[in-house]
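So the structure is just underneath, and the comments pick up after that.
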Amino acid sequence: MSSRITMRSVLLVVIGLGYGCSLDAGSRGPFGPEDPETAAQKIALPEKPPVPHVFQFAGEDIAGHHKPKMAGTIQDARAKRATNASALLTAEEVVTLRKAAESDRRVAALLGSRWAFIDADRIPPEGKVTFGCCRQTTGLVRLVYYSYSQNVAVEVRLKETGVLNVARLEGYQPPEGRQDVQRGIELAKADPRLAGKVDQLQGHGLLMQPDRGFFRNDPGYAHRTIWITFSKGQEGDPKYWAVVDLTEDKVLEAGEEPPRS
Amino acid sequence: MKRIWSFGWFMLAVLAWSGPAVAETQSEHVDWGRWSFDWEVRDNTGLALRNVKFADELILNKASMPVVRVKYVKEMVWWNPFTWFGSRAESGRCGPFQDRLRWQDLVPIMNCGDQKVCMESSTQHNVKWLELGIYARIGEYHLYQAWHLSDDGELRPVLHSRGLSCNTNHDHHPYWRFDFDINGNGMDQVFVHEDGGADRGWGPGWRKYSNERNDVKISGLNKTWLVRDQMNGHGVWILPGTGYVPLKDDGERDKFADFDVAIRRANASEDVPWAFGARGQLGYDEDNQGVQEQDVVFWYVAHLPHMAALGPTKWLTLGPILRVQR
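Residue numbers (the working numbering), protein chains in the order written: chain A, 18 to 278; chain B, 1111 to 1436.
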């Protein structure tokens, strides 16, 4: 009897080890009951949905940065265009803003010794306002960094060149910045598993999210972890790969890409 | 005479120099036929349209694509029980990824005058179309995100994708966010139509959403959605995409991206870069807010299957169809 229970326990543990490891959840809703319909006047709805236009793309697959073309089209007159200058943040402005932010003590303290600049954007006004007229009136800019030392994203809000606020964005992973990708490629190239094999190839990087587990987390979990690949130019056809933990500044795994399945 | 020639050459040089500078802008206002809108590339939400008007009436405050979640299939290794069912097997060897398109990811488009934001108009089957698109390179991916507007009120958000992060099958799940503002008064209603459905007072098959919900396509019911202004009855249809060759539709949801549409009450604090990670599902529904005669946001999720065997150069394309209803 007891050996049966032991066997069952062992079996459950094995299944748990295998299947129960991922803690990813599906959508959780609905979060409450449905309200009754309002007393709004019931204006009749259309009987049938409309029939959409025939719309196709040409099946041309050309290498390089060629966009897909619509099939059988003839070029037509141009649209009227006007630049929304107030929404822009020029490269020179970003340099100035970064200087201001990075020389601020509060920012330096949150960034620590190892960090990367991610990007900068103007902050739109709260609520729905006309795009062109009011965007610049807030004068607020957001700079986003990732502190590898503290393993956290950092947001700096500035008005002109004055730092208004610095905050840790716990749990948020901003998109990969150029420094993230560059460091990932450097580390991967130096890894003994790839050294000498990828010199003639181009490196690429994409932020990834290792899994949280019930018994153990995947390597790189909750860290700034990036998937590095090496391919010929812009082909999109990887030959070698590496998982790089930028928080720990080390390569977790690396290898040759197997043939397509 | 020499002076005139010199001046002419100088002006040509100025024009040649200013060309790329104009193309580099990250935001513009556009008037085309009965359409009027602003576009922008900012806030990690790809190429977004704002203040979209058709025939002088506002329909959308903002339309954007905040994220493309990408999930690779599991790779089983016979000697490693961890890959048989859960954990690493759930992720595949690479990813999952959360692709967010930004200005810095954009490349000059060779077949559109080397511009980073391509605007072209054309005619197909006697219908005039305006295309606005960006070409992003992130990791190994080539992503072309575009909006196609027809002169009679059709709006097609489209994602084209090619490239492989690793040589296994995977799915791309683009999330489009439509912040409707029909007639600009915050009195929008959201309905779903199902073939063969009961008449609840709105006509056969129609049902009104009363609270924030996620919903799914059911092929047998041919579900379609309509967002309408309560005051004047004008609206916009959201029709599931019928696919672009070789795809036949907008794909099938799975455990990783388990719904097709979501209705939310508009909230400025939710108009932010994707905050749920590569593994997270769309939130913003915890307070179960009412959506009847409110300012609403409609999310549409497509599911693009990419078979590795197709290789890295084959464009795969999908997206829903929006149609103005007057």
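No residue lacks a Cβ here, since even glycine has one placed at the ideal position from N, Cα and C.
All values reported here derive from a predicted model rather than from experimental measurement.
In the structure shown, A:G201 falls within a helical segment according to DSSP collapsed to helix, strand and coil. For B:W1425, the three-state secondary structure derived from DSSP is coil. Below the 9 Å Cβ cutoff, chain B contributes Q1214 as neighbours of A:R195, in chain order. Residues of the stretch 1356-1385 of chain B with a Cβ closer than 7 Å to any Cβ of chain A, in chain order: K1365, D1368, F1369, A1378, A1385.
Fewer than three pairs of CB atoms, one per stretch, sit closer than 8 Å, so the stretch 181-191 of chain A makes no contact with the stretch 248-266 of chain A. Counting every other CB atom within 10 Å of its CB across the protein chains shown gives B:P1176 a total of 16 or more, marking it as buried. Straight across, the Cα-Cα distance linking B:W1425 with B:D1289 is about 28 Å.
For B:T1423, the residues of chain A that pass the 9 Å Cβ criterion are D78, I79, A80, E252, G253, D254, in the order they occur in the chain. For a Cβ distance threshold of 8 Å, residue set G253, D254, P255, R277 of chain A lies close to B:L1274, ordered along the chain. Interface criterion met: the Cβ of B:K1318 is under 8 Å from a Cβ in chain A. Around the beta-carbon of A:P227, 16 or more other beta-carbon atoms lie within 10 Å, marking it buried.
Along the stretch 1340-1351 of chain B, the positions whose C-beta sits under 7 Å from a C-beta of chain A are Q1340, G1343, W1347, L1349, read in chain order. Interface flag for B:N1277 against chain A is set, since a Cβ pair is found closer than 8 Å. The beta carbon of B:G1400 falls within 8 Å of a beta carbon belonging to chain A, placing the residue at that interface. Among the CB atoms of chain B, none fall inside 8 Å of the CB of A:F134. DSSP, read as helix, strand or coil, puts A:Q167 in coil. Under the Cβ criterion of 8 Å, A:Y162 is not counted among the residues facing chain B.
Counting every other CB atom within 10 Å of its CB across the protein chains shown gives B:T1278 a total of 16 or more, marking it as buried.
Distance from the Cα of A:E177 is smallest, within the candidate group A:V171, A:V158, A:A207, A:P276, for A:V158. In chain B, no part has a C-beta under 9 Å from the C-beta of A:R210; the shortest such distance is about 15 Å.
The stretch 1210-1266 of chain B is shown to contain whole beta strand (DSSP E) runs of 3 or more residues at 1227-1234, 1237-1248, 1251-1260, in chain order.
Take B:E1322, set aside five residues on each side of it, and the residues of its chain with a beta-carbon closer than 7 Å to its own are I1373, R1374, R1375, D1395, N1398, Q1399, V1401, in chain order. Judged by beta-carbon spacing, A:D197 lies beyond the 8 Å limit of A:R229, meaning their Cβ atoms are not closer than that value. When secondary structure is reduced to three states using DSSP, A:I91 falls in the strand class. Distance from A:L114 to A:L160 at the Cβ level is roughly 6 Å; contact confirmed, criterion being Cβ atoms closer than 8 Å.
B:Q1234 is not a Cβ neighbour of B:M1297, given a cutoff of 8 Å.
Rounded to whole angstroms, the separation of the alpha carbons of B:Y1251 and B:L1357 is 19 Å.
Residues of chain A whose Cβ lies closer than 7 Å to the Cβ of B:P1218 are, in chain order, H82. Against chain A, the CB of B:M1229 has a partner CB under 8 Å away; the residue lies at that interface.
At a cut-off of 8 Å between beta-carbon atoms, A:D121 makes no contact with chain B. In the three-state reduction of the DSSP assignment, A:A102 falls in the helix class, which pools H, G and I. In the structure shown, B:G1156 adopts coil according to DSSP, grouped into three states. Taking a beta-carbon distance threshold of 8 Å, B:P1206 counts as an interface residue toward chain A. The shortest C-alpha to C-alpha distance from B:V1434 to any of A:H70, A:R123, A:L127, A:I243 is the one to A:H70.
Any Cβ of chain A closer than 8 Å to the Cβ of B:V1411 would place that residue at the interface, and such an atom is absent. With a beta-carbon spacing of about 14 Å, A:L211 and A:K267 fall beyond the 8 Å limit used to define contacts.
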